[in-house]
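Numbering (full-length UniProt numbering), first residue to last: 1 to 404.
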């Protein structure tokens, strides 16, 4: 019995698993036969077999799946040695990568025009809606009401007075010239009458310009061709001087405004190229940096403006990811699975002749399943890539005291 158990325990790992299980079952049956009553040459029936014997046999059969799994797995005394350790480590390799800067950005117009009223009045004939396309000089709305009527009446009265003065000055100059011919007046009087005529004429021109301006104040026109993006007033609303009635997005190219965060933002330069990938679209749009804010914002981000370098089929308001290509830099590449985050710092397990040694590293850009290491690791060093997090925290339970 003991010899059979030793044969089963000393069998090679992972080989003849089913044979080992059959051996165990035979051992269990032999063990039971030794306890059968004398004279039984064959297994007794269920009625003849004692209850405790049946229970042992059932327990042996129930243990069979566990033994199959145990013999199917290779066992090592140190838990990580031989071929298993060789398969779980990889050599760090040096590779030159182009540093990339990524941020979220939104497509925006380069400028927005607010159409405001110069004087107070009541809004009327406002028929445009958000999304309406307008041309330069197109009438958008009108201003009326008591205030506009009063201003218009005042300007018309001023013009009538200036015209009456001009007529009087014209008659006075004609009379002075006729009297000068008969020596009834002097040249000085004629010159004075001419000066008055010139002043009256200037007054008429000023009054006419003011009246035309008043008429223009009552008509709101589009200052530029574009698309109406917002309407802030409605017919019948009393608008005050300087109030914006609507907003127009000028017809022209759009751009992307993005914010970059981190310690590497000083490396951004005007002229850097990259790609803008709109959300939900599979076609990135090539862009380049056009403007960079002179200082960080209140949230710590650096605002960057980018324009398309080719035909861009984007829409104002679209969000997406902006990726800029920076200078090429050498990095030590390791599998991303080998990185361990512990207490706000990144570590890797370096396999040395003395064992696995934790090493503090500074990770850089990632490419697929690989991550570049900026510092802390040398090319050629062996790094644990399989179950690195578990190996790093092996024995962590020993640092905690069980509760009473």
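For every residue, glycine included, the Cβ atom is placed at its ideal position computed from N, Cα and C.
Return the bridge partner residues of residue 114 from the DSSP annotation. Looking up residue 114 in the chain shown gives position 114. For residue 114, which the question treats as bridged, DSSP gives the partners 247.
Three or more C-beta pairs below 8 Å linking the segment 267-275 and the segment 314-326: yes
Check whether residue 201 and residue 166 have beta carbons under 8 Å apart: Along the chain shown, read from residue 1 onward, the residue named residue 201 stands at position 201. Along the chain shown, read from residue 1 onward, the residue named residue 166 stands at position 166. Judged by beta-carbon spacing, residue 166 lies within the 8 Å limit of residue 201, meaning their Cβ atoms are closer than that value.
For the beta strand (DSSP E) containing residue 304, list its first residue and its last residue. As a working note, residue 304 is residue 304 in the chain shown. First-last of the beta strand (DSSP E) with residue 304: 302-308.
DSSP state of residue 394 mapped onto helix, strand, coil: Within the chain shown, numbered from 1, the residue matching residue 394 stands at position 394. Residue state, collapsed to three classes: coil.
Buried versus exposed, by CB contacts within 10 Å (16 or more), residue 369: For the purposes of this step, residue 369 is identified with residue 369 of the chain shown, where counting begins at 1. That one is exposed.
Within the same chain, show all residues whose beta-carbon is closer than 6 Å to that of residue 309, passing over the 5 residues directly before and after it, in chain order. Here residue 309 refers to the residue found at position 309 of the chain shown. Closer than 6 Å at Cβ, skipping near neighbours: 286 and 288.
Inspect the CB distances between the segment 248-264 and the segment 297-315 and report whether three or more fall short of 8 Å. yes
Could you compute how far the alpha carbon of residue 471 sits from the alpha carbon of residue 223? This structure gives no information on residue 471, because the portion of the chain shown stretches from 1 to 404.
Terminal residues of the beta strand (DSSP E) in which residue 282 lies: Position 282 of the chain shown, counted from the first residue, corresponds to residue 282. Element bounds for residue 282: n/a, residue is neither H nor E.
DSSP bridge partner residues for residue 274 (one or two, in chain order): Taking the chain shown and counting its residues from 1, the one referred to as residue 274 is at position 274. Residue pairing by DSSP places residue 274 opposite 287 and 324 in a beta bridge.
Are there 16 or more other CB atoms within 10 angstroms of the CB of residue 360, so buried, or fewer, so exposed? The residue you call residue 360 lines up with position 360 of the chain shown. It is exposed - the Cβ of residue 360 has fewer than 16 other Cβ atoms within 10 Å.
Coil, strand or helix - residue 206 by DSSP: What you label residue 206 is simply residue 206 of the chain shown in a count that begins at 1. Correct three-state label for residue 206: helix.
The segment 370-383 in contact with the segment 338-357 per 3-pair CB rule at 8 Å: yes
Compute the beta-carbon to beta-carbon distance between residue 365 and residue 372, rounded to the nearest angstrom, for a pair I have assumed lies under 8 Å. Within the chain shown, numbered from 1, the residue matching residue 365 stands at position 365. Within the chain shown, numbered from 1, the residue matching residue 372 stands at position 372. Between residue 372 and residue 365 the Cβ distance is about 5 Å, and since that is below 8 Å, they are a contact.
Chain-order list of residues whose beta-carbon lies under 6 Å from that of residue 176 (same chain, five-residue window excluded): The sequence position of residue 176 within the chain shown is 176, counting from 1. For residue 176, where only same-chain residues beyond five positions count, the Cβ hits under 6 Å are 185, 189, 190 and 193.
Residue 117 and residue 209 closer than 8 Å at C-beta: As a working note, residue 117 is residue 117 in the chain shown. As a working note, residue 209 is residue 209 in the chain shown. For residue 117 and residue 209, no; Cβs fall outside 8 Å.
Note down the Cα distance separating residue 155 from residue 237, rounded to an integer number of angstroms. Indexing the chain shown from 1 puts residue 155 at position 155. Indexing the chain shown from 1 puts residue 237 at position 237. One C-alpha to the other measures close to 24 Å.
Verify whether the separation of the beta carbon atoms of residue 134 and residue 140 is less than 8 Å. To locate residue 134, count along the chain shown from 1; it is residue 134. To locate residue 140, count along the chain shown from 1; it is residue 140. Yes. Within cutoff.
Is the CB-CB distance between residue 103 and residue 334 below 8 Å? Here the question's residue 103 lines up with position 103 in the chain shown. Here the question's residue 334 lines up with position 334 in the chain shown. Result no, Cβ atoms of residue 103 and residue 334 do not sit closer than 8 Å.
Burial state of residue 405 (16 or more Cβ within 10 Å): In the structure as shown, the chain begins at 1 and stops at 404. Residue 405 is therefore absent and cannot be evaluated.
In chain order, each alpha helix (DSSP H) run of at least 4 residues that lies wholly inside the segment 354-396: 388-392, all fully within the segment 354-396.
Residue 191 (DSSP reduced to helix, strand or coil): Walking along the chain shown from the start, residue 191 turns up at place 191. In this structure, residue 191 counts as helix in the three-state DSSP scheme.
Through-space distance from residue 136 to residue 296, alpha-carbon basis: Within the chain shown, residue 296 is the residue found at index 296, counting from 1. Within the chain shown, residue 136 is the residue found at index 136, counting from 1. For residue 296 and residue 136, the distance between alpha carbons rounds to 37 Å.
Quick check on the DSSP output: the beta strand (DSSP E) that includes residue 96 runs from which residue to which? For the purposes of this step, residue 96 is taken as residue 96 along the chain shown, with counting starting at 1. Element bounds for residue 96: 93-109.
Following a CB-centred definition, is residue 225 positioned closer than 7 Å to any heavy atom of the ligand MG? As far as ligands go, the structure on display features none, and thus does not contain the ligand MG.
Helix, strand or coil for residue 165, going by three-state DSSP, please let me know. Along the chain shown, read from residue 1 onward, the residue named residue 165 stands at position 165. Note: residue 165 maps to helix in three-state DSSP.
What does DSSP give as the partner residue(s) for residue 179 in the beta ladder? For the purposes of this step, residue 179 is taken as residue 179 along the chain shown, with counting starting at 1. In DSSP, residue 179 forms no bridge with anything.
Between residue 111 and residue 253, how many whole angstroms is the CB-CB distance? I'm expecting something under 8 Å. In the chain shown, the residue the question calls residue 111 occupies position 111. In the chain shown, the residue the question calls residue 253 occupies position 253. Actually they do not touch by this definition, with Cβ atoms about 11 Å apart.
In the DSSP assignment, what residue or residues form a beta bridge with residue 330? Residue 330 sits at position 330 when you count from the first residue of the chain shown. According to DSSP, residue 330 bridges with 96.
Determine the closest residue to residue 344 out of 362, 338, 329 and 357, with distance taken between C-alpha atoms. Taking the first residue of the chain shown as position 1, residue 344 is located at position 344. When each option's Cα is compared against that of residue 344, the closest is 362.
Considering only the alpha carbon of each residue, which of 300, 311 and 329 lies closest to residue 263? Working through the chain shown from its first residue, we reach residue 263 at position 263. Here the closest residue by C-alpha is 300.
If you drop the 5 nearest sequence neighbours on each side, which residues of the same chain put their C-beta closer than 6 Å to that of residue 330? In the chain shown, counting from the first residue as 1, residue 330 sits at position 330. Cβ neighbours of residue 330 beyond the five flanking positions: 94 and 96.
On the three-state DSSP scale, how would you describe residue 265? Position 265 of the chain shown, counting from 1, holds the residue named residue 265. It is helical.
Buried or exposed (CB count within 10 angstroms, at least 16 for buried), residue 356: The residue given as residue 356 occupies position 356 in the chain shown. Label assigned to residue 356: buried.
DSSP three-state label for residue 132, please. Residue 132 sits at position 132 when you count from the first residue of the chain shown. Coil at residue 132, not helix or strand.
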